[in-house]
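Peer 1: Each residue of the sequence shown is one higher than the one before, counting from 0 in numbering that gives the first Met the number 0. C-beta: ideal position from N, C-alpha, C; glycine also. No experiment lies behind these values; they were computed from the predicted model shown. Here you go, one structure.
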Amino acid sequence: MKLWGGRFLKEESSEAAAFTHSFGFDIRLARQDVLGSLAHARMLARQGILTQGEGAQLESALTQILGEVELGEAPFDPASEDIHSAVEMLLRERLGDVAGKLHTARSRNDQVVTDLRLWLKEQVAEVDRLLLGFQAVLAVRAEEHQDTILPGFTHLQHAQPVPLAHHLLAYFWMLERDRGRLADCLRRMDLCPLGSGALAGTGFPIDRHFTAEELGFSGPTLNSLDTIADRDFVVEFLGFAALLMAHLSRLAQEITLWAAPEFGFVELDDAYATGSSIMPQKKNPDVAELVRGKSGRVYGHLLGLLAVLKGLPLAYNSDLQEDKEGLFDTVDTLTGALTAFTGMIATARFRADAMERAAALGYSNATDVADFIAWQGVPFRQAHEITGRLVVACVDSGRRLEEMGTEELRAFWDGFPDGYRVPDARASAAARSSFGGTSPERVREQLSAAAALLPPDTLTDARARVNG
Ligand code: ARG
C-alpha cells in the first residue's frame with residue numbers, strides 16, 4: 000500500500016493518516032501526475048536506465064491510466080496517501096514489479112511540484128481566455144454607450160460628468176494589467192522541476208532537457224534545492240488573483256449601488272439576479288455581491304501561503320502540502336466569478352435616462368465655469384473662488400448652473416461675454432479632450448486601442464452575446 004513501508008515496524012494510525020493524507024484534494028493533479036510519469040518513463044528508457052521493454056510496459060500502462068483519468072474512471076484507492084502513491088499502486092496492480100522501477104531517479108518532491116506547475120499552466124491559459132472574454136464584453140458595452148453620460152464621482156460626490164464608455168473602459172485597462180501580471184508569472188512558472196529529485200538531483204544519467212520538452216516547459220530549472228522548496232509561482236498567481244478580485248469587487252460594488260433605486264443606473268437581467276424568500280418585490284444583485292464577498296477568501300489564500308513559506312528551511316517540508324487547497328479554491332473562485340460576472344455585464348440594461356438625469360444634478364459642470372474664467376486670464380484659484388460663490392447661490396435658489404443667464408452670471412464676475420451659457424453635462428464631458436480624457440474623439444481612440452488588443456473572434460463572440 001505505502002511507498003515507504005520498509006523502515007517501519009507498525010502501521011500508520013488511522014488518525015495520522017486522516018490528518019496527513021492529501022489524496023482527497025491532490026487527486027485534481029491526476030492527469031498531470033500521469034503525464035509527468037510518462038515523460039519520466041520515456042526518458043529513463045531513452046537513457047538506458049531502464050530497458051526498452053520496461054519503458055514500453057510502463058508507457059503502455061500509464062497511457063491506459065491516462066485515458067481512465069480523462070474519463071474520470073481511474074480506479075484509484077481512496078485510502079492512498081496522495082495522488083503519486085495512488086498512480087504507482089495502480090501501476091503495480093497492473094504491471095507487478097516493473098512498476099517499482101518508475102520511481103528511479105525521482106522523488107515525490109520533484110514530482111508534486113512538476114504536477115502543480117503543469118496544472119497551473121493550464122489554468123493560466125483558461126483564466127486568460129476568460130479575462131479576454133470579459134474585456135471584450137466591456138469593450139462592446141463601451142462602444143454602445145459612448146454617448147451615455149453619467150456623473151463621475153470622487154468621494155462618492157458628483158465630480159465631473161463622464162461617458163459610460165469611459166467608465167467601463169477603466170475596468171478594461173485594469174484587466175489588461177491583470178493579464179500582464181498573469182503572463183509575467185507564467186514566464187517563471189514555465190520551467191520544469193522534474194529531475195531535481197528529493198532535493199539534490201541524482202547520480203543517474205537522466206536528461207532533464209528531454210523531460211522538460213516532453214512536458215511542454217521552456218526548459219529545466221537550474222538549482223535542485225531552490226526548485227523543491229520554491230512555491231513562488233503559486234504566490235505570484237495568488238497575488239495576480241487577489242488584485243484581479245480587487246478590480247472585480249470594485250465594479251461589483253458599483254453595480255450593486257447602481258442597481259439600488261436611489262441610483263437606478265442599471266437593471267440586471269433576471270437571469271443574473273436573485274429573489275428574496277420573503278419580500279416578493281426584491282431583485283438582488285447576488286452575482287455582484289458574491290464577487291465582492293469572495294475577494295476575501297482569495298486574499299486569505301495569498302496570505303495563508305505566505306505564512307506557510309515564511310521561515311521554512313530548505314528544501315521540502317510537509318508544510319508545502321498546504322500550497323494546494325488555497326490555490327485550487329482560488330482558481331475555482333476566479334473561474335466562477337469571471338464567468339458569471341461577464342454574463343451579468345453582457346446582459347445588464349444600463350439606464351442612460353437615469354444616468355443623464357443624475358449627471359444634470361450636483362453641479363458637476365462647475366469646473367467648466369472655473370476653467371472658462373481662467374482661460375480669460377484670471378488666476379485659477381480666483382476663478383475657483385468666484386465659481387464657488389456662484390454654486391452657493393444656485394444651491395440656495397435650487398437652480399442648475401446652465402439655467403443662469405449671462406446677466407445673472409455677471410453678478411459674480413463681469414468678464415462673462417454676451418450669450419455665455421454654462422455647458423451642460425454632455426458638453427462638459429465633450430470638452431475634456433486631453434489625452435486619456437472624456438471627449439468623444441478621445442474615447443474613440445481608447446476604444447480602438449482596446450479592440451486592437453482583442454482577438455477578432457473574441458470580439459465577435461462578445462458582440463453576439465451582448466446583442467443576442
Ligand atoms: N503530498 C505531498 C505534497 O503535497 C507530496 C510530496 C510528499 N513528499 C514527501 N516526502 N512526503 O507536497
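Which residues in the same chain have their Cβ closer than 8 Å to the Cβ of LEU458, if we skip the five residues on either side of it in sequence?
Peer 2: ALA135, ALA138, VAL139 and ALA450
Peer 1: Would you kindly check if the distance between the Cβ of LEU37 and the Cβ of GLU53 is under 8 Å?
Peer 2: no
Peer 1: Going along the chain, which residues of its own chain have a beta-carbon closer than 8 Å to the beta-carbon of GLN252, five neighbours each way excluded?
Peer 2: ALA287 and ARG291
Peer 1: As a quick exercise: from GLY238, PHE340, ARG443 and LEU167, pick the residue whose alpha carbon is nearest that of CYS184.
Peer 2: Nearest option by C-alpha distance: GLY238.
Peer 1: Could you name the residues of the same chain whose beta carbon sits closer than 6 Å to that of VAL330, not counting the 5 residues immediately before and after it, in chain order?
Peer 2: Around VAL330: GLN122.
Peer 1: Quick one: residues in its chain with C-beta nearer than 8 Å to the C-beta of HIS166, no 5 flanking neighbours on either side, listed in chain order?
Peer 2: If we look at HIS166 and ignore the five residues flanking it on each side, its Cβ neighbours are LEU149 and GLY151.
Peer 1: How close, in whole Å, do the beta carbons of GLU125 and THR334 come, if the pair is a contact with beta carbons under 8 Å?
Peer 2: 7 Å
Peer 1: Can you find a heavy atom of the ligand ARG that lies under 7 Å from the Cβ of LEU119?
Peer 2: no
Peer 1: Within a Cβ cutoff of 8 Å, which residues of the same chain sit near ILE26, ignoring the five residues on either side of it in sequence?
Peer 2: Contacts found: PHE75, ILE82 and ALA85.
Peer 1: From this set, ASP352, ARG348 and GLY414, which residue's C-alpha is nearest ASN466's C-alpha?
Peer 2: ARG348
Peer 1: Could you tell me the alpha carbon to alpha carbon distance between PHE264 and LEU129, rounded to whole angstroms?
Peer 2: 26 Å
Peer 1: Taking 7 Å as the line, does the beta carbon of GLN320 fall inside it for any heavy atom of the ligand ARG?
Peer 2: yes
Peer 1: How do the region 230-247 and the region 269-277 stand: do at least 3 beta-carbon pairs fall below 8 Å, yes or no?
Peer 2: no
Peer 1: ASN283 to ILE344, Cα distance in whole Å?
Peer 2: 15 Å
Peer 1: In this structure, what does DSSP give as the bridge partners for PHE152?
Peer 2: HIS157
Peer 1: Report the three-state DSSP secondary structure of LEU61 (helix, strand or coil).
Peer 2: If DSSP states are grouped into helix, strand and coil, LEU61 belongs with the helices.
Peer 1: Measure the C-alpha to C-alpha separation of ALA353 and TYR362 and round it to an integer number of angstroms.
Peer 2: 16 Å
Peer 1: With DSSP as the reference, label LEU190 as helix, strand or coil.
Peer 2: strand
Peer 1: If we call anything under 8 Å between Cβ atoms a contact, is ASN364 one with SER438?
Peer 2: no
Peer 1: Answer yes or no: the CB of ASN466 versus the heavy atoms of the ligand ARG, is any distance below 7 Å?
Peer 2: no
Peer 1: Given the structure, does SER223 come close to the ligand ARG, in the sense that its CB is under 7 Å from one of the ligand's heavy atoms?
Peer 2: no
Peer 1: VAL377 to ARG443, Cα distance in whole Å?
Peer 2: 33 Å
Peer 1: Per DSSP, which residues does ASN283 bridge with? Please list them.
Peer 2: THR273
Peer 1: Helix, strand or coil: how does DSSP classify VAL265 here?
Peer 2: strand
Peer 1: Closest by CA to GLU14, which one among GLY35, GLU80, ARG6 and GLN51?
Peer 2: GLU80
Peer 1: Would you call the region 98-110 and the region 187-197 in contact, with 3 or more CB pairs under 8 Å?
Peer 2: yes
Peer 1: Let me confirm a value: GLN159 is counted as buried when at least 16 other C-beta atoms fall within 10 Å, else exposed. Which label applies?
Peer 2: buried
Peer 1: If the criterion is Cβ atoms closer than 8 Å, does the pair SER432 and ARG425 meet it?
Peer 2: Going by C-beta atoms, SER432 is not nearer than 8 Å to ARG425.
Peer 1: Using alpha carbons as the reference points, say which of GLY132, ARG45, GLN63 and THR113 lies closest to PRO454.
Peer 2: GLY132
Peer 1: Pull up the distance between the alpha-carbon of VAL92 and that of ILE64, whole angstroms please.
Peer 2: Correcting the residue identity first, residue 92 is Glu in this sequence and not Val. Rounded to the nearest angstrom, the two C-alpha atoms are 12 Å apart.
Peer 1: Give every residue of the same chain whose Cβ lies closer than 6 Å to the Cβ of THR226, excluding the five residues on either side of it in the sequence, and list them in chain order.
Peer 2: Contacts found: PRO192, SER195 and THR220.
Peer 1: For the alpha helix (DSSP H) that contains ALA428, what are its first and last residues?
Peer 2: 424-430 is the span of the alpha helix (DSSP H), which, as asked, contains ALA428.
Peer 1: Between ARG296 and the rest of its own chain, which residues show a CB-CB distance below 7 Å, the 5 nearest in sequence each way excluded?
Peer 2: ASP328 and THR332, listed in sequence order.
Peer 1: In angstroms, rounded to a whole number, what distance separates the CA positions of LEU247 and TRP172?
Peer 2: 12 Å
Peer 1: Consider the C-beta atom of ASN283 and the heavy atoms of the ligand ARG; say whether any pair is separated by less than 7 Å.
Peer 2: no
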